[in-house]
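The numbering of the sequence shown is my numbering, which starts it at 9 and goes up by one.
C-beta: ideal position from N, C-alpha, C; glycine also.
Quick caveat: nothing in here was measured; it's all calculated off a predicted structure.
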Amino acid sequence: MSRTPAVVGGFRRRHERRRSRGLAGWPLRWKIAIVLIVPIAVAAVLGGLRVEQSLRAAADFTTVADRVKMLPLLVELDGDASVVMGTLAQRTVTPAMIDSLDRSIGVVEQVRPGAELDEGTAADLGTALSDARALSAQAKQGPTSTAALTEQLASIRSALSRVVSAITEPIADPEVVVETGRLEGMWSAQKLISAEGLSVVASSAVLAGEPGGTLEAEGVNLLAHLRTESALLDQVAQRYSPDDPTIAALRRGINDRTALLQSATRSESADQALTGLKYSLFDSIDDYSSAVATASAGLSDAVAAKSDTLRTSAWRDLTVVTALLLAAILLAVVVARSLLMPLRRLRHGALRVAHADLPDAVERLKSGTDAATLEVDPIDVHTHEEIGQVARAIDDIHNQALLLAGEQAHLRLQMNNVFETLARRSRSLIDLQLEMIEQLEFEERDPKRLDNLFRLDHLATRMRRNGDNLLILAGNTNRRVRPTPIQLGDAVRASISEVEHYQRVHVGAVPAVTLTGAAGRDLVHILAELLDNSLHFSPPDSAVTTTCARTIDGGVVIEIVDRGIGMSPTDLRELNDRIASTPEVTPDTARHMGLFVVSELAHRHDITVTLRPTLDRPRNAGVTASVHVPGDVLTSAVEPRVQAIPVAPTTPAPCALPRRRPGATGIVTSPRPHAEPSPPGSPAVREEPAPRHRLDTARTASFFQPRLLTQAASEDPTAQTPIFASIAPLWLTDPTESDADVPQRWVTRADTGWSAARRAAQGPQAPVTDGGLPQRVPGQRLVPGGVDADDQAPIRVRTPEAVRAHLTRHQSGVRAGRTGTRPVLGPLDPWQQEESS
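1. Under a three-way DSSP split, which group does residue 335 fall into?
2. Taking only runs that begin and end inside the region 237 to 276, name each unbroken alpha helix (DSSP H) of 4 or more residues, in chain order.
3. On a CA-only basis, which of 307, 333 and 229 is nearest residue 73? Give me that one, please.
4. Give the list of continuous beta strand (DSSP E) stretches no shorter than 3 residues that lie fully inside the region 63 to 99.
5. By the three-class DSSP mapping on this structure, what secondary structure does residue 406 have?
6. Should residue 8 go down as buried or exposed, given a rule of 16 or more other Cβ atoms within 10 Å for buried?
7. Specify whether the region 75 to 88 and the region 114 to 121 touch according to this definition: at least 3 beta carbon pairs, one from each stretch, less than 8 Å apart.
8. Measuring straight from C-alpha to C-alpha, what distance separates residue 432 and residue 482?
9. Are the region 354 to 373 and the region 397 to 406 touching by the rule of at least three beta carbon pairs closer than 8 Å?
10. Evaluate residue 46 with the Cβ neighbour count: other Cβ atoms within 10 Å of its Cβ, from every protein chain shown; 16 or more gives buried, anything less gives exposed.
11. Terminal residues of the continuous beta strand (DSSP E) containing residue 513?
12. With a cut-off of 8 Å on the beta carbons, I'd call residue 552 and residue 531 a contact; round off their distance for me.
13. Do residue 65 and residue 143 have their C-beta atoms within less than 8 Å of each other?
14. Comparing C-alpha positions only, which one of 125, 138 and 448 sits nearest to residue 110?
15. Report back the beta-carbon spacing between residue 228 and residue 193 to the nearest angstrom; my notes put them in contact at under 8 Å.
16. Exposed or buried, what is residue 39 when buried is set at 16 or more other beta-carbons lying within 10 Å of its beta-carbon?
17. How far does the alpha helix (DSSP H) with residue 183 in it reach, from first residue to last?
18. With H, G and I counted as helix, E and B as strand and the rest as coil, what does DSSP make of residue 522?
19. Under a three-way DSSP split, which group does residue 101 fall into?
20. So, do the region 185 to 205 and the region 312 to 324 have three or more beta carbon pairs nearer to each other than 8 Å?
21. Does DSSP classify residue 647 as helix, strand or coil?
22. Return the CA-CA distance between residue 296 and residue 107, expressed in angstroms with no decimal places.
23. Would you check if there are 3 or more beta carbon pairs closer than 8 Å linking the region 176 to 194 to the region 121 to 129?
24. Under the rule that 16 or more other beta-carbon atoms within 10 Å means buried, what is residue 350, buried or exposed?
25. Roughly how far, in whole angstroms, is the beta-carbon of residue 619 from the beta-carbon of residue 584, given that I think they are within contact range, below 8 Å?
26. Using beta carbons (cut-off 8 Å, strictly below), is residue 398 in contact with chain B?
27. Evaluate the contact criterion for the region 498 to 508 versus the region 628 to 640: three or more CB pairs, one atom per stretch, below 8 Å.
28. Rounded C-beta distance between residue 268 and residue 284? I'm assuming under 8 Å.
29. Could you check how far apart the C-beta atoms of residue 85 and residue 123 are, in whole angstroms? I think they sit under 8 Å.
30. For residue 386, which option in 407, 394 and 368 has the closest C-alpha, if you only look at C-alpha atoms?
31. Report the three-state DSSP secondary structure of residue 297 (helix, strand or coil).
32. Would you call residue 160 buried or exposed, if buried means 16 or more other Cβ atoms sit within 10 Å of its Cβ?
33. Pick out whichever of 529, 456 and 462 has its Cα sitting closest to the Cα of residue 613.
34. Ignoring anything shorter than 4 residues or poking outside the region 458 to 485, list the alpha helix (DSSP H) runs there in chain order.
35. May I have the straight-line CA-CA distance separating residue 82 from residue 163, to the nearest angstrom?
36. Just how far apart, CA to CA, sit residue 34 and residue 366?
Below, the structure written as structure tokens:
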């Protein structure tokens, strides 16, 4: 496991694309909405304008209709004013005529506010009403001059003409224009009746002998008025049918008045002619009044009909436009749904393939599922247009991705098999090498060469751990051998034996708990990787401390503390995330194999591994690795104490080194069972080599742990070589193993040696490893070097302090030999002083 500023490990970070602010970054729903809303909005605006124009025209015609209703009243006012003026000039005016004029003025005053006239038209109407009131007042006072009356009537008619023009000018409808022309023509011709009446009145005054004119002059004026009336009547007649009775009656009146005017030029018939002219004028006044009333009613009806037509047309346009807009919106929604729904299903299907189906299929392929058994769920778009074609293309891509993933899984399986085969072969060779090195260790008596053999043994053990890493990298999770439970202390010491600088590791108190075999083996590997990392990234003269403690949940916490260079918080966070996540093999795994192995083994047994700074400082903070072992992998608690078995003292051989008596120091431990030897002729055939030590993992033959036998060891204490007896620590051997249970019989001093020689010559069947290789039993074929001394010889007892001092002196000597300096040796132990003496 290595530490780097940035954790690579095969994870590619996905860079999220920044959403464009332009049109290209809008969702497809918005784009389709814009495409559909813009023309619909334009159509709605245009339709609204059309409807609004129709409604405005209908409203204008309604206003015009309200104003046109005043035209008959204005014409009637003009007629009453003409009658009062004519009769007043003839001095024949009656109160009824004056009352009729007043009523006409009052009616116009009542309808004036509802006509909604503009300011100019309202002022002209006010002028006409004022002049009409003045004429009524003048008529009530009495006769006046004809010129004054003519001037008053001209003012009234001029004002009324402007009011009528203001009302009829805004009307542009052809049908209404025809009715307007009829009204205006009839009214203009009617106005000449008043002028003709004034001429008749003047002619009557001349005949009566009043000064002021001649009969010929008045005749000329009357004839001019008649011709003007005839011309106006001809223009109006163009708007009527040729046989209209009103036009015919008016023409007869003009012709009659013309004939009477010719006879009035003769003095003998002048009075009779003037009287005929007066009656003809009264008849024409009635005809014109009827014609004007009819024209006014026609105009009002035409305007009202046009207003109703425009109003109906406006509502019809509004209904049509609204219906068309609704139909367009409905069609747009249908088309948009026909686009969006397949696109939505296509999008969901593509996302499902990318984030669910394809990853699940890849995981199943990684787990060993055959690619031919996987079925592709097609995207739910079955049309034949472009969207359906894209869906089928995605299905094809899904199929091709599954085929490619199947090929990669097959290739990965082949590579894993290659890794596993190479790792197993390498491990078998390393096991054989360790057996040979261990044999050399037991046969070597030179301390310097023995130390080199220890170092070589240690290096081979580390090589075997690297082979185990390759097996884990190849995904090998099957246990061909069921490991036996181990003590936590043995697991910690076994992990220490697999690191390079094991001398710098200090172990604290270890709870007496037992781990299951598989968990214990993997825990040894995890601790070894963490220890190797801590030793590698801490100063050479610093110590790495290992402490163990029980937790409240029944588990165990193991902490490995170093005071090295430390790591940044970001790197620690990334490493913790990678350890907590499921490990994946990437091209960078070889550079961080330790991290991969720790994560893989921790996930197998729900072991939690976390890293944190040892010291709270920015530099050289160190790293503390915390390993929490759950209580599920613990098989037992502290083993009960047993009483030490009394052992009879043993007398050492004269030429042998002092030997310890098992159990003599009073240290009580649980009995350690020996493995039963395999029966002859039926060796256990296994693919994985069996470990050489009690722990089911790689070990070094150094003095970190005792050599544990796989079958019954020799009962003779002299089976151990002198060098090994002087180096192996007392506390690493089994104090309960004694020869107290050996049957007592008569022996000689040489019987022990002869018995050992006989056993070595017989060559019992040696146990074999899982790979079928023979496994050597340490000390099985050794023959003691002498006969035991007298039974009464003094026994030298080794205390733990003495063993610790002896190991310290040995280590100091090894270091001094490597550095070429003279070691500083401490005082000799009592039993060493005896040996030196």
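Quick look at the numbers:
1. Three-state result, residue 335: helix.
2. Taken in chain order, the complete alpha helix (DSSP H) segments of 4 or more residues contained in the region 237 to 276 are 253 to 272.
3. Cα-wise, what sits closest to residue 73 is 307.
4. You should have found no qualifying run.
5. In the structure shown, residue 406 falls within a helical segment according to DSSP collapsed to helix, strand and coil.
6. One cannot answer for residue 8 here, as it falls past the ends of the chain, which runs 9 to 845.
7. Verdict: yes, contact present.
8. Residue 432 and residue 482 have their C-alpha atoms roughly 11 Å apart.
9. Taking one beta carbon from each stretch, the region 354 to 373 and the region 397 to 406 have 3 or more pairs nearer than 8 Å; the two touch.
10. Sixteen is the threshold: since fewer than 16 other Cβ atoms of the shown chains lie within 10 Å of the Cβ of residue 46, the residue is exposed.
11. Start and end: 513 to 515.
12. Actually they are not in contact, since the Cβ atoms of residue 552 and residue 531 sit about 17 Å apart, beyond 8 Å.
13. For the pair residue 65 and residue 143, the CB atoms are not nearer than the 8 Å cut-off.
14. For residue 110, the closest of 125, 138 and 448 by C-alpha to C-alpha distance is 138.
15. Distance from residue 228 to residue 193 at the Cβ level is roughly 25 Å; contact not present, criterion being Cβ atoms closer than 8 Å.
16. The residue in question, residue 39, is exposed, as its Cβ has fewer than 16 Cβ neighbours within 10 Å.
17. It spans 182 to 215 - the alpha helix (DSSP H) in which residue 183 sits, taken as one unbroken run.
18. Note: residue 522 maps to strand in three-state DSSP.
19. Of the three classes helix, strand and coil, the one that applies to residue 101 here is coil, per DSSP.
20. Fewer than three Cβ pairs drawn from the region 185 to 205 and the region 312 to 324 lie within less than 8 Å of each other, which leaves the two stretches out of contact.
21. Its pLDDT being 44, under 50, residue 647 is placed unreliably by the model, and the measurement read from it follows with that caveat. Coil, per DSSP.
22. Just so you know, the alpha carbons of residue 296 and residue 107 end up roughly 21 Å apart.
23. No: the two stretches stay apart, fewer than three of their Cβ pairs being nearer than 8 Å.
24. It is buried - the Cβ of residue 350 has at least 16 other Cβ atoms within 10 Å.
25. Distance from residue 619 to residue 584 at the Cβ level is roughly 6 Å; contact confirmed, criterion being Cβ atoms closer than 8 Å.
26. The displayed structure is made up of one protein chain only, and chain B is not part of it.
27. Touching, no, given that fewer than three Cβ pairs across the two stretches are closer than 8 Å.
28. Rounded, the Cβ-Cβ distance is 4 Å, consistent with contact.
29. A Cβ-Cβ separation of about 14 Å leaves residue 85 out of contact with residue 123 under the 8 Å criterion.
30. Restricting attention to 407, 394 and 368, the CA atom closest to the CA of residue 386 is found in 407.
31. When secondary structure is reduced to three states using DSSP, residue 297 falls in the helix class.
32. Around the beta carbon of residue 160, 16 or more other beta carbons sit within 10 angstroms, so the residue counts as buried.
33. For residue 613, the nearest C-alpha among the options comes from 529.
34. Correct list: empty.
35. Cα to Cα, residue 82 sits roughly 14 Å from residue 163.
36. Each residue's CA atom was taken as its position, placing residue 34 and residue 366 some 28 Å apart.
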